[in-house]
Amino acid sequence: MGCLFCEIIERKRPAKIVYEDAQVMAFDDIHPQAPVHTLIIPKKHIATNLDLQEEDLGLVGHLFQIANRIASEKGIAENGFRLVMNCNRDSGQTVFHVHLHLLGGRLMHWPPG
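In case it helps, my numbering puts the sequence shown at residues 243 to 355.
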């Protein structure tokens, strides 16, 4: 079976895309855990954080920049938001394509897990 997020990038699966450029795509999560729950993904397939290479460091920084931009656009930047990146099954990673969760629009609790 192929990668779900690669299929979204290739437009083989539907998604509510909120941002796209040459390196990344962002879309709303289909099972939101907060009023705002957007996934920001690289277009390059990288399975987990452990698979990131030195040449990917700029790409990871870009994911965070886009998350900040979307948080501002969705009106959650001022009150606060959470960015989460899971790595492997025990952390809750279910799609093995690096992705950043942008969560906000409600009070976040700690600890998260």
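Heads up, the beta-carbon is just placed ideally off N, CA and C, and yes, glycines get one too.
What you are looking at is a predicted structure, and each value in this text was computed from that prediction instead of being measured.
Check                                                                                                                                                     : Outcome
Quick check on the DSSP output: what are the complete beta strand (DSSP E) runs of length 3 or more inside the stretch 315-348, in order along the chain? : 323-326, 342-346
Taking the runs of the beta strand (DSSP E) that are 3 residues or longer, which of them lie wholly in the stretch 249-312?                               : 259-262, 266-270, 278-284
Going by the CB atoms, is the gap between residue 298 and residue 288 shorter than 8 Å?                                                                   : yes
Can you check whether the CB of residue 259 is closer than 8 Å to the CB of residue 269?                                                                  : yes
Determine the direct distance from the alpha carbon of residue 244 to that of residue 339, and round the result to whole angstroms.                       : 11 Å
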